[in-house]
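Data block below; observations after.
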Amino acid sequence: MNTIYKHTIRRIFGCVLLSTLPLGVMAQNVRVIKSDGTIKMYDGSKQNIKVMPVPTVNTNDKVKTGSTLYDNLQALGNYTTYLRLIDSFGGIQRAFKNELTDDELEYMGSIDTLTVFAPNDEAFARFFAHNAWTDGQGNAISSYEQLSDRQKLSLIYMSYIPGFVTANNLHVNENVKGNLRLYTWGYDRQFNLVPYKHTGGTDINTFPPDDNSGREDYAKKLNQHIMDGVWIGYGTVGDNTDGALAYRGGTMIWNDDYWQYKGLSHDDLAFIGAADTEGSEHIKIGNAHITQPNQRCKNGYLHLVDEVVVPQPNLMCALAQVRWGGKCSLASSLVQRFNYLKYDPEYTYYKEQMFNDGDSAMTVRNSLLDRVVTTLQTPAIILPTDEALKAFLLTADIPLWQFGINQDNYYTMLMSLPREVLQPFVKEWFRTSFTDVLPSRYSNMRSAKGHQLLAGVTTPEAYKLAVQQVITAADGIIVVVDAVPNAEDLRNELTFVKLAGRVAGAALTANDRYEGERRTSPFSTDYQREMHNKSFTMFVPTDAGLEQYGLVDPISMASNNRVSWRYWSLTPDSISSNGTRQIAVAARAYRYDYKEVRNTETARPLAAIYSSNANDDCANGNFGPVKRQLLTDMLDQHIVLQDVNSLLNTQRHWYLSRSGMPIYMKEHTNTNIVVNGGMQIDLNEKDVADKHDCTLQLVGQNDTGTSVFIDRPMQPTTQNVYQRIQSNDAFSTFFEYAEALNNAYTLKNMLFGNEASEALSRKYTIFADRSGSYARYGNANTMLVNFFHNFNYTIFVPTNEGMQKAVEAGLPTIESIEQFVEKSSDDNGQLPDDKREQAQAMYFTLLNFLKYHFCDKSYFLEPDLESGDTEQTTTACIDASNQQALTADIQSGNGMLMVRDASNYYKAVKPDLANIIARDAEFNAEPTRAKYILSASNVVLHGIDNADYLLFDNTLNGDFTRAWRTPSAARKFVKKYGK
4 MNTIYKHTIR RIFGCVLLST LPLGVMAQNV RVIKSDGTIK MYDGSKQNIK
54 VMPVPTVNTN DKVKTGSTLY DNLQALGNYT TYLRLIDSFG GIQRAFKNEL
104 TDDELEYMGS IDTLTVFAPN DEAFARFFAH NAWTDGQGNA ISSYEQLSDR
154 QKLSLIYMSY IPGFVTANNL HVNENVKGNL RLYTWGYDRQ FNLVPYKHTG
204 GTDINTFPPD DNSGREDYAK KLNQHIMDGV WIGYGTVGDN TDGALAYRGG
254 TMIWNDDYWQ YKGLSHDDLA FIGAADTEGS EHIKIGNAHI TQPNQRCKNG
304 YLHLVDEVVV PQPNLMCALA QVRWGGKCSL ASSLVQRFNY LKYDPEYTYY
354 KEQMFNDGDS AMTVRNSLLD RVVTTLQTPA IILPTDEALK AFLLTADIPL
404 WQFGINQDNY YTMLMSLPRE VLQPFVKEWF RTSFTDVLPS RYSNMRSAKG
454 HQLLAGVTTP EAYKLAVQQV ITAADGIIVV VDAVPNAEDL RNELTFVKLA
504 GRVAGAALTA NDRYEGERRT SPFSTDYQRE MHNKSFTMFV PTDAGLEQYG
554 LVDPISMASN NRVSWRYWSL TPDSISSNGT RQIAVAARAY RYDYKEVRNT
604 ETARPLAAIY SSNANDDCAN GNFGPVKRQL LTDMLDQHIV LQDVNSLLNT
654 QRHWYLSRSG MPIYMKEHTN TNIVVNGGMQ IDLNEKDVAD KHDCTLQLVG
704 QNDTGTSVFI DRPMQPTTQN VYQRIQSNDA FSTFFEYAEA LNNAYTLKNM
754 LFGNEASEAL SRKYTIFADR SGSYARYGNA NTMLVNFFHN FNYTIFVPTN
804 EGMQKAVEAG LPTIESIEQF VEKSSDDNGQ LPDDKREQAQ AMYFTLLNFL
854 KYHFCDKSYF LEPDLESGDT EQTTTACIDA SNQQALTADI QSGNGMLMVR
904 DASNYYKAVK PDLANIIARD AEFNAEPTRA KYILSASNVV LHGIDNADYL
954 LFDNTLNGDF TRAWRTPSAA RKFVKKYGK
């Protein structure tokens, strides 16, 4: 069997999609009634929907039921050109004559019937007078004799499908969604799309020769055909063909009745070229209508059509056409940038070689242009005209003008913008269903964030006026409009972040690659979506600052071994392979010493193992989790969910980022901004090689928010609560009392018995033990606070003088409780029940006294703030009788910060012990093995002025011993605060 014959037979019987449809099956909820040779369809309202009649006899008296397709075409007398096409290929001719051999039928699955869409000689005359095809020398095709065998095959393949299919059965089936496609080669499926270089002129319909060098070599070869970074053309790779085949086209089949039944109007279909004027036939095959349907023959059906069915280009070819001198060449180039081929010799499977596409808008948007037919939907692309896009780019209300885009370089600048800027902008131009771009459903054109894609278009009539051109393809529709779809994504303030801070921009948009598959996205928070919906200020560390100063690794700092301290230099990186939890950032580790200036140009990095590139899975392996943790902290630290205008020229200096991390605005005027995170505050108090203020570089402002670019990143402090209290001499007594609760193992076991088990004993302490199955890992040789996980909170710490005052008022200590127990025990060392209750009351007095000083939310002393507010806060002290947290009132203003406790008196914060920042970070393992932070609480500590403390129960005012003075009082107190 020769090559042409083999391909011919495959085409005749390979189209399984239509041939497997059950004949006579109509759309859902449709009743079929046959009467006088007519099929009628009814919807639920009993409304009759017009359909084409299926005649009981052929309407053309020249067509005989007992004759073959070939004989009936001869009998019609006006189909000589079409018969010449059939006669050109032996396999096709024998199929039309019903003369296939038994071997051929067995080879092709015993399918021996065809449904034919036959154009007459007048249709061919019109085709030869008006077509865009050229021959091998580039001359216009104007006669049959100029057609090559390839072009003849393209025409003949557009004219039939296998099996008996009546006109009404074309598309009237839920499974095929109302439209089908004919293709000129291979099986009835959409081939995977890859670019190709034209070899025969510039016309898209001049098909280049097959490349038989194999898929892998073909992919490698394609990478050599880039001119100025732009592909010249596009083609397809067949799934079941020999080698890589260039695109040969296809066409759509539309059924007007089906779509009207589904709620679309005839006007909608005419708008996209799927129907002509009212009164035309309801079936359209590409550019042709059926004039006489259902002419029954011995071996199939003849549907006589009024035009030659010409292969339409696929979407990528159509995009190439509009790029070559169309109305939207600029937008088409943008789309092309996001669907290019990448060859990777490390892959062995050709599909992976050809589609490991990390810069693809289509990958994010359901791979619309890769394998769209498998979705059984017809997609659409909305493209702005060159004039509209250029005008938009050159307006001053988008961030691009600040980065040098102008009249002379707008194309070059646009194509060189980073992926993080353009991908969200471009991907919204792709719609999974063509129904989104119909006039009656224009309001469906919304972005993923719910924005109307075409601003100002509020009626179907306005939408029609905005549409400049509709281009139909074999696998979708292109609508050209005189506006910029999804313009807010480039107008949005986040564009500043993505342009001037590519590392921060890559982190913000990292989750976009995993739209619809959040389980594999790198961050649990969708930062970009959150910032779209709220006013914000983002302090963006510049790329230069992140490269030179990097981010200090808080986990490495958790160790007391200074040799292991690290900081990580961060730079933009490209994702070149598909994977999970990838971030387009590279990280490289350096030794950290705060007494040395960080400079990655002169410093020597650590071994190569201390690195993470863009392709890493940031949840597993090596140091990907460390990079993700650093970037998570960076985003959490630098985003404030209020606009910068409310931050400037005010008396307030302390603010909280989106996650509760404190930000100290050292200076904040319209012209000068200096900000610090907790680590910068710590460093500025030490003998460091250089100061660590983060200073203003650039401000970009928009309705949605403001970006303030700073010369280096802020970071949270690495000091936890334990370290802050332990290292402050003024808090030493409070620290000793809190730590003593953890160490009183014997006492707790004596007082609480089984409740003193490892799990339950946590409620009897301030700090979590460092060991045991319930251990929580923090900085080395420290303990984490047992409560307020993942919160931001405040501790009002009594000074040593305040603690002494409380002791003088009867506050028990672990030592005094132990002495009471020893004194009250009998000769056998047993503690009587009433004495145990009194000892328990003593213990709960000390425990709740300490816990009451821990308050929810962060409160700061603002020395320059004249006016303030009073706010109620909850404490860590719980009333067990009703399971309610005890409260306190916080009053700020007049340069003071005060707390009103249960005694109804305000206790003031001591200014020289105010605003001490801590962070309780819990690691996933011991510091030497940890890779990320499980949870973290951001804390501010204040010393209480005037040798005072906070009282949690007003009945104990002046005398804590009332809690256990009698067994009855003790029992009541334990029930309220202990059980």
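All letters in the sequence shown, in the order written, are residues 4 to 982 by the working numbering.
All residues carry an ideal CB built from backbone N, CA and C; glycine is no exception.
Nearest Cα to residue 546 within the set 716, 321, 382: 716. The C-alpha of residue 619 lies about 39 Å from the C-alpha of residue 411. Residue environment analysis places residue 316 among the buried positions, since at least 16 neighbouring C-beta atoms fall within 10 angstroms of its C-beta. Contact between residue 862 and residue 893 holds: their C-beta atoms lie close to 5 Å from each other, under 8 Å. Boundaries of the beta strand (DSSP E) around residue 306: 303–308. Closest by C-alpha distance to residue 913, out of 890, 259, 865, 453, is 865. By alpha-carbon distance to residue 575, the top candidate from 532, 512, 523 is 512. Restricted to the segment 883–943, the beta strand (DSSP E) segments that are unbroken, complete and at least 3 residues in length are 887–896, 899–903, 909–911, 919–926, listed in chain order. Comparing alpha carbon positions, the residue from 967, 941, 804, 979 closest to residue 889 is 979. Under the three-state reduction of DSSP, residue 445 is assigned to helix. DSSP, read as helix, strand or coil, puts residue 587 in coil.
Under the three-state reduction of DSSP output, residue 253 falls in the strand class.
Each residue's CA atom was taken as its position, placing residue 384 and residue 502 some 26 Å apart. Sixteen is the threshold: since fewer than 16 other Cβ atoms of the shown chains lie within 10 Å of the Cβ of residue 777, the residue is exposed. When only Cα atoms are considered, residue 298 and residue 172 end up about 14 Å apart. In the displayed model, residue 668 falls within a strand according to three-state DSSP. Going by DSSP, residue 657 is part of the beta strand (DSSP E) stretching over 657–659. Between the segment 943–959 and the segment 792–811 there are three or more inter-stretch CB-CB distances shorter than 8 Å, so the stretches are counted as touching. With respect to the C-alpha of residue 330, the residue from 432, 130, 473, 539 having the closest C-alpha is 473. Assigned with DSSP and collapsed to three states, residue 120 falls in strand. In the structure shown, the three-state DSSP call for residue 598 is coil. A residue is called buried when at least 16 other Cβ atoms come within 10 angstroms of its Cβ; residue 76 meets this threshold and is buried. Counting along the chain, the unbroken beta strand (DSSP E) around residue 679 starts and ends at 676–679. For the set 900, 120, 589, the Cα lying nearest the Cα of residue 254 is the one of 120.
In terms of Cβ geometry, residue 849 and residue 906 do not form a close pair [threshold 7 Å]. Taking a cut-off of 8 Å on C-beta distances, the segment 922–939 touches the segment 558–578, as three or more cross pairs fall below it. Between residue 741 and the set 543, 552, 856, the nearest pair of CA atoms involves 856.
With a beta-carbon spacing of about 6 Å, residue 484 and residue 387 fall inside the 8 Å limit used to define contacts.
Taking each of 548, 438, 431 in turn and checking the Cα distance to residue 490, the smallest one comes out for 431. Bridge partners of residue 874 according to DSSP: 893. Residue 806 sits in a helix when the DSSP states are folded into three classes. Look at residue 879 here: in three-state DSSP terms it is strand.
Between residue 118 and residue 303, the gap from beta carbon to beta carbon is short of 7 Å.
The distance from the Cβ of residue 785 to that of residue 748 is about 19 Å, inconsistent with a contact at the 8 Å cut-off. Linking residue 958 to residue 534 through their CA atoms gives a straight-line distance of about 48 Å. In this structure, residue 538 and residue 646 form a Cβ contact; the two beta carbons are roughly 5 Å apart against a cut-off of 8 Å.
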